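Peer 1:
In the working numbering, the protein residues as written are 3 to 571.
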């Protein structure tokens, strides 16, 4: 993820301007009606807003904002968030200070001591009730996600799916992940060994703006069921979505004090969260991730980091071209490319490159842009000015240095101030910034290759290693190639959803893309400390029963040889 609107120690471009009135009510204006916008010649079409579509003022009322922000720990400071659809203010929000962060941790620690004593099955039942609430009330959170991120509703729905799947998984599997495990002792039958999993305490979570539902509560759920409390700093611009999730989880049975929320500027509040946490969970840019890791290391606490990516998609010579082109649209332009596992580099075998490019370009140019709180648009808005600046800089520099623009390449201010068309570049090469830097927007570069060794070398020629995608009609061939790619997840005949959605399996990055994993056993065990309890019975591990030191040493030597012979581990 890029540094734009970072939620850690980097400055946030999304904070309210200093001169913003602290008491301004939520925006009265709705997003500009999409049907009023006229597409320029050759531009992407605009999805019309359906009759009766809700407006920002109808969704984010003063009453809703006041209700959701009751749980924010704040000494009285004020800030605000805004919708990318129009740039207008959505709501007034409390603003926290480092002192408020310390208070939040004090409250969370007191609640965690009680919560850790609750049987794990009771804790897991909270997640299953939350699962049902999310699915039954999804329209509410879909509106908030769209208004706070600017993404299309279908892409917002991906967050609902991801959270529900995670809640179901840990609601069912947490007792098995956390149950005591018996191990063979140093002296079989005489040494009884049990591995326990103890909660770490209070988890400090710094959540990003791009997937504010999934990457807030989705990452917190395993922490809670493992017996921890959480102090979370969401991005200011997407705080309402995280606070809505908190409200539902409390209704499902989570003790209110167990999930503390602080809101404020990244450089102010982020370091304070790291300073007090027993473990840190961070999703954001690689630059800020390094700072978070250094802060955690200084205190000798653990950290998990999901960071940036320059993800590659490989289309082999035997791929189904039509399916690959459709998959590329999903992989490159979901959430306007503001997805950590989005595809930004497209490698296509030269034998089918012309056919693939023709189909991919046609599909991309047909994508409908829109800002309505309804299904129908294929892509929404960028989230902030800094994202728009990065996208514009990468595209314009590449074209100026000889790259060919096959689709997109221009903003669409008539739809909204941060809309930018889905863009395809050909002929990209170093030192163009778009070649190696993470764009984190709706921009993809196409490259051609001749053989698998070449494309593996090209795909791996990046310090990042988050996600990749392989397309082929031969599943065995695809899996074999996938094993050669240095990324935490590889999707065969899908862009990202297959790997990310398979929550029994770990998801995370290699290299500059981060440390640790979410999902599966690693996604919950990282929030625990392993504790070994070894009980010795009948005789000590020392000379006894009249044995001399030498006789004891001989006995133990014979015992070790016997254990090897009996294949004991």
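All C-beta atoms, glycine included, are put in the ideal place defined by N, C-alpha and C. All values derive from a computational prediction rather than experimental measurement.
1. Is the beta carbon of residue 2 sitting closer than 8 Å to the one on residue 166?
2. Tell me, please, which residues DSSP counts as bridged to residue 423.
3. With a threshold of 16 other CB atoms inside 10 Å of the CB of residue 324, please say whether the residue is buried or exposed.
4. For the alpha helix (DSSP H) holding residue 366, just list the boundary residues, first then last.
5. With residue 102 as the anchor, note down where its alpha helix (DSSP H) starts and where it stops.
6. Are the Cβ atoms of residue 362 and residue 321 separated by less than 8 Å?
7. What are the boundary residues of the beta strand (DSSP E) that residue 138 is part of?
8. Since residue 521 is in the beta strand (DSSP E), which residue starts that stretch and which ends it?
9. Within this structure, are the beta carbons of residue 222 and residue 232 separated by less than 8 Å?
10. Please state if the CB of residue 348 and the CB of residue 319 are separated by a distance shorter than 8 Å.
11. Relative to the C-alpha of residue 217, which residue among 384, 406, 309 and 570 is closest?
12. Taking Cβ positions, are residue 257 and residue 106 nearer each other than 8 Å?
13. Could you tell me the alpha carbon to alpha carbon distance between residue 79 and residue 280, rounded to whole angstroms?
14. Taking all protein chains shown into account, decide if residue 553 is buried (16 or more other Cβ within 10 angstroms of its Cβ) or exposed.
15. Under a Cβ-count criterion, where at least 16 other Cβ atoms within 10 Å of its own Cβ denotes burial, should residue 240 be classed as buried or exposed?
16. Nearest to residue 300 by CA position, among 544, 312 and 273, is which residue?
17. Starting from the C-beta of residue 560, find all residues in its chain whose C-beta is less than 6 Å away, skip the five residues before and the five after it, and write them out in chain order.
18. What residue range does the alpha helix (DSSP H) around residue 566 cover?
19. Please list the terminal residues of the continuous alpha helix (DSSP H) segment that includes residue 269.
20. Between which residues of its own chain and residue 213 is the CB-CB distance below 6 Å, once the five residues before and five after are set aside?
21. How is the beta strand (DSSP E) around residue 285 delimited, first residue to last?
22. Let me know if residue 148 comes out buried or exposed under the rule of 16 or more other beta-carbons within 10 Å of its beta-carbon.
23. With distances taken Cα to Cα, identify the nearest neighbour of residue 254 among 177, 373, 133 and 364.
24. By how many angstroms is the C-alpha of residue 230 removed from the C-alpha of residue 304?
25. Verify whether the separation of the beta carbon atoms of residue 173 and residue 130 is less than 8 Å.
26. Leaving out five residues on either side along the sequence, give the residues of the same chain with a beta carbon under 8 Å from the beta carbon of residue 28.
27. Is residue 150 closer than 8 Å to residue 85 when the C-beta atoms are compared?
28. Can you find at least 3 beta carbon pairs, one from the segment 258 to 270 and one from the segment 466 to 484, that sit closer than 8 Å?
29. Classify residue 297 as buried or exposed, calling it buried when 16 or more other Cβ atoms lie within 10 Å of its own Cβ.
30. Starting from residue 261, follow its DSSP beta bridges and name the residues at the other end.
31. With a cut-off of 8 Å on the beta carbons, I'd call residue 368 and residue 153 a contact; round off their distance for me.
32. So what's residue 24 in DSSP terms, helix, strand or just coil?
33. For residue 429, which three-state DSSP category applies?
34. What residues match up with residue 512 in a beta bridge as DSSP calls it?
35. Excluding the 5 residues flanking residue 32 on each side, which residues of the same chain have their C-beta closer than 7 Å to its C-beta?
36. Would you report the Cα separation of residue 40 and residue 418, rounded to the nearest angstrom?
Peer 2: Taking the coordinates as given:
1. Here the chain has residues from 3 to 571 only, and residue 2 is not among them.
2. Bridge partners of residue 423: none, in fact.
3. Its Cβ having fewer than 16 others within 10 Å, residue 324 is exposed.
4. Unbroken alpha helix (DSSP H) run through residue 366: 355 to 367.
5. Note, residue 102: alpha helix (DSSP H), 100 to 117.
6. With respect to residue 321, residue 362 sits apart: the two C-beta atoms are not nearer than 8 Å.
7. No beta strand (DSSP E) contains residue 138, which is instead part of the alpha helix (DSSP H) from 122 to 138.
8. Where residue 521 is concerned, there is no enclosing beta strand (DSSP E), because DSSP gives it neither an H nor an E.
9. Annotated as proximal: residue 222 and residue 232, with beta-carbon spacing under 8 Å.
10. No, they are not a contact pair.
11. The alpha carbon of residue 217 has as its nearest neighbour, out of 384, 406, 309 and 570, the alpha carbon of 309.
12. No Cβ-Cβ contact shorter than 8 Å links residue 257 with residue 106.
13. So the alpha carbons of these two residues sit roughly 27 Å apart.
14. Under this definition residue 553 is an exposed residue.
15. Buried.
16. Put simply, of 544, 312 and 273 the residue whose alpha carbon is nearest the alpha carbon of residue 300 is 273.
17. Within the same chain, residue 560 has no close Cβ partners at all.
18. In the DSSP assignment, residue 566 falls within the unbroken alpha helix (DSSP H) covering 551 to 567.
19. 268 to 278 is the extent of the alpha helix (DSSP H) around residue 269.
20. Beyond the five residues adjoining it in sequence on each side, residue 213 comes within less than 6 Å, by CB distance, of 161 in the same chain, given in chain order.
21. Taken as a continuous stretch (DSSP letters only), the beta strand (DSSP E) holding residue 285 covers 281 to 285.
22. By the Cβ-count criterion, residue 148 is buried, with 16 or more other Cβ atoms from all chains shown falling within 10 Å of its own Cβ.
23. Cα-wise, what sits closest to residue 254 is 133.
24. Rounded to the nearest whole angstrom, the CA to CA distance from residue 304 to residue 230 is 14 Å.
25. Yes.
26. Only weak support exists for where residue 28 lies, its pLDDT of 36 falling under 50; the value from the coordinates is given anyway. These residues qualify, in order along the chain: 58, 59, 62, 63, 64, 67, 91, 92, 93 and 94.
27. Cβ atoms of residue 85 and residue 150: closer than 8 Å.
28. The segment 258 to 270 is not in contact with the segment 466 to 484.
29. Its Cβ being crowded by 16 or more others within 10 Å, residue 297 is buried.
30. Here residue 261 is bridged, per DSSP, to 232.
31. 19 Å between Cβ atoms; not a contact.
32. With a pLDDT of only 34 at residue 24, under the threshold of 50, the placement of this residue in the model should not be trusted; the figure read from the coordinates follows. Under the three-state reduction of DSSP output, residue 24 falls in the coil class, being neither helix nor strand.
33. If DSSP states are grouped into helix, strand and coil, residue 429 belongs with coil.
34. Partner residues in the beta bridge of residue 512, as assigned by DSSP, are 467.
35. At residue 32, the pLDDT of 41 sits below 50, so the modelled position is not reliable; the number obtained from the coordinates is stated separately. Taken in chain order, the residues that qualify are 57, 58 and 59.
36. Between residue 40 and residue 418, the C-alpha separation is close to 12 Å.
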